[in-house]
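Protein chains in written order, with this note's numbering: chain Z, 56 to 475; chain U, 1176 to 1484. Just so you know, even glycine gets a beta-carbon here, dropped at the ideal spot from N, CA and C. Please read the structure below before turning to the comments.
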């Protein structure tokens, strides 16, 4: 008898701890309206607070409270918050995450406000707008920023190895050669992790391939062209020009780059402020455009959108804030603080001017001309999550890129099929 | 564990009158907050998880019943069995921490001065945030720049990628898990030790028993109920381990993650990353059954080795 009781209690406590776990956010109500704004990136928080302050100034009676969540728990917190009705009133959204939220009716439809306020969508990069288009004619959010990729490099390590800085028209072969020439006993030429947005997606398109078919129904990551784009990275690993995946698991690529362990790091414009704020590192950093592939230039672009929570108590105020936070004034604030490349047309120069010692930031803006939207079809969070499982053997040289891509494509197809 | 003796003895007559009795009525009122709390915080989530485990639930909105589909998919999923193996291995390894805790508790008991200092030192990891602990150990165990590999190199032992190679990750978790729970086990076992009557030791030493003999013939048997208690708690918390995987392998590109997931990590991933809540609920239910079974087995086995005075 006693045994059973203890058992039952133990089991209950055991699961109870698992199953509970959401908390509510306060909403101030003393005549004024307070709306919350959920964000994740620490370096951008000051800019977000400045935007909130500028909005409050223009709109007396509405307070905006910026709520920062660290990246690792941002999405799980948002999901539980949305289910429990306590999500922030306005928050940052990513293209690979928006689908379930939009389909589940969790996002505020701001189409009418966009029209009545005369917001000109031409002010935003088309590729980023497309990423958030759910095909239902509704607008759930406007782009806040966008990013393209470049090759960040450490000038000091180039000088030490006697290697010329990358020329703007460099090719895949030049890239591989440069990485090899920079590699010494203590330093690797490049960090080659399994990185979709900042890495192999770019080279897949540069080789003329595609990750998912245009109609979004099948994976095309196993086409000969796409495999060529994957081989770009597995070759770098095979050359020994990069730390192994294990080493990059232990110490993230960006950390290796900042510590001067790797000379080149292909990734997004969003690192600029972090590198710039690192005063010791700042003078060593420069950036080059992505190399040109067999089929030409391509650069994966994405961006954050400001969206509102459908369950908010103050839809009007939230809509007003969303338009402001993606508007010109907010874009200028983001640019001036160097926080991130603002999405609003014509404000990007401010971002470049904010970091005068980085002379080549223009490469990120030039890349818009050949930008490709990040592939986010179907349950993107799920099929993207499978990449390490399927691609690791190719990166480690245990299987060929063809074989790994074939198996990964089959797994993606399964996810895409289950979603329909 | 003597709840039964404390239960009030009720006569047959009182039982019949039931709640109408004044004292009983007040008792119900007094326990109401706890009962309601239990119902809201445990029973309700439990019931809804149970139901969800038989449903296909989209990220938001109502789900539909799909019978045993989630369970069938789970049992044929290689990831699930790998996670089960990982959690099982971790639990087994963490149990090795109990003998360590017993020996340390006995040694601290021998210390005549400053016993509290040792207890505090060993207890510090218990009150430290698991996230902080995980971060620090991740640096210590780093393959290229970690303190641990540096220490090994002093003895000519080649280092490994302890938290980036799935052959070693579970062992790394276990080492940290043992270190983290050592303090609380020491406190519980220490209390158990203090309840052993000193005269048993005096009597046995008159009979010529040495320290070692005393440890095995007096200390261990009389401590066995406490050891049993510690075991039950350790197994339950080890089977639920999630935080160390999340923190120590947390970086987005850690390729060791696929081979290092525990059951609760799988639950987290299904429910909170991939929006598969039905599958997540099924994992939670299976874990509940495993924990109940593991606890039942231990209760069955305790009859063979636990000595009650």
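Whole angstroms are fine: how far does the CA of residue 414/Z sit from the CA of residue 93/Z? The alpha-carbon atoms of residue 93/Z and residue 414/Z are separated by roughly 33 Å.
Distance check for residue 1284/U and residue 328/Z, CA to CA, integer angstroms please. Spanning the two alpha carbons is a distance of roughly 56 Å.
Indicate whether the contact test is met: 3 or more Cβ pairs, each with one atom in the region 1350 to 1360 of chain U and one in the region 1236 to 1248 of chain U, closer than 8 Å. As far as the Cβ criterion goes, the region 1350 to 1360 of chain U does not touch the region 1236 to 1248 of chain U, which means the pair count is below three.
Note down the Cα distance separating residue 139/Z from residue 364/Z, rounded to an integer number of angstroms. 12 Å
Beta-carbon neighbours of residue 1167/U, restricted to chain Z and to distances below 7 Å: There is no way to answer for residue 1167/U, as the model of chain U reaches only from 1176 to 1484.
Hey, quick one: how far does the beta strand (DSSP E) through residue 197/Z stretch, first residue to last? 196 to 198
Assuming residue 433/Z and residue 292/Z make a contact with CB atoms under 8 Å, what is their CB distance in whole Å? Rounded, the Cβ-Cβ distance is 29 Å, inconsistent with contact.
Mapping DSSP to helix, strand and coil, what is residue 357/Z? Strand.
Among 1226/U, 1234/U, 1367/U and 1235/U, which one has its Cα closest to the Cα of residue 1241/U? 1226/U
Which listed residue (1473/U, 1417/U and 1308/U) has its alpha carbon closest to that of residue 1408/U: 1473/U
If distances are taken between C-alpha atoms only, which option among 361/Z, 133/Z, 368/Z and 178/Z comes closest to residue 90/Z? 368/Z
Contact with chain Z by residue 1234/U, beta-carbon distance below 8 Å: yes
Return no unless some Cβ of chain Z is closer than 8 Å to the Cβ of residue 1429/U. yes
Going by DSSP in three states, residue 319/Z sits in which element: helix, strand or coil? strand
Cα-Cα separation between residue 187/Z and residue 465/Z, rounded to whole angstroms: 26 Å
What residues of chain Z sit near residue 1319/U, judged by a beta carbon separation below 7 Å? Going along chain Z in sequence order, the residues near residue 1319/U (Cβ under 7 Å) are 302, 305 and 306.
Residue range of the beta strand (DSSP E) that residue 92/Z falls in? 88 to 94
Heavy atom of the ligand ZN within 7 Å of residue 223/Z beta-carbon: Summarising the ligand content, the structure contains no ligands, and the ligand ZN is consequently not present.
For residue 444/Z, return the contacting residues in chain U, with the cut-off set at a CB-CB distance below 8 Å. Per Cβ cutoff of 8 Å: 1433.
Taking all protein chains shown into account, decide if residue 204/Z is buried (16 or more other Cβ within 10 angstroms of its Cβ) or exposed. Taking a 10 Å sphere around the C-beta of residue 204/Z, we find 16 or more other C-beta atoms and assign the residue as buried.
For the region 107 to 133 of chain Z, list every residue whose C-beta sits within 8 Å of some C-beta in chain U, in sequence order. 127, 130 and 131
Can you find a CB in chain Z that lies within less than 8 Å of the CB of residue 1447/U? yes
For the alpha helix (DSSP H) containing residue 467/Z, name the first residue and the last one. 456 to 474
Nearest by alpha-carbon distance to residue 418/Z: which of 88/Z, 343/Z and 156/Z is it? 343/Z
Starting from the C-beta of residue 1293/U, find all residues in its chain whose C-beta is less than 7 Å away, skip the five residues before and the five after it, and write them out in chain order. Same-chain partners within the cutoff: 1283 and 1286.
Taking DSSP as the reference, what is the three-state secondary structure of residue 1464/U? helix
Counting only Cβ-Cβ distances shorter than 7 Å, please list the residues of the region 1263 to 1281 of chain U near chain Z, keeping chain order. none
How many angstroms separate the CA atom of residue 118/Z from the CA atom of residue 145/Z? 12 Å
Against chain U, does residue 12/Z count as a neighbour if the rule is that its beta carbon must be under 8 Å from one of theirs? As shown, chain Z starts at 56 and ends at 475. That puts residue 12/Z outside it, with no answer to give.
Residues of chain U with CB closer than 7 Å to the CB of residue 447/Z, please, in chain order. 1430
So what does residue 162/Z bridge to, in DSSP terms? Partner residues in the beta bridge of residue 162/Z, as assigned by DSSP, are 364/Z.
Buried or exposed by the 16-neighbour rule on C-beta atoms within 10 Å, applied to residue 472/Z: Residue environment: residue 472/Z is assigned as exposed (fewer than 16 neighbouring CB atoms within 10 Å of its CB, all protein chains considered).
Using a C-beta cutoff of 8 Å, does residue 1425/U count as contacting chain Z? yes
Cβ contact (3+ pairs, closer than 8 Å) linking the region 312 to 330 of chain Z and the region 245 to 256 of chain Z: Short answer: they touch.
Per-residue DSSP class, three states only, for residue 1367/U: In the structure shown, residue 1367/U sits in a helix (DSSP, three-state: H, G or I).
When DSSP labels each residue in this structure, what does residue 403/Z get in the three-state scheme? helix
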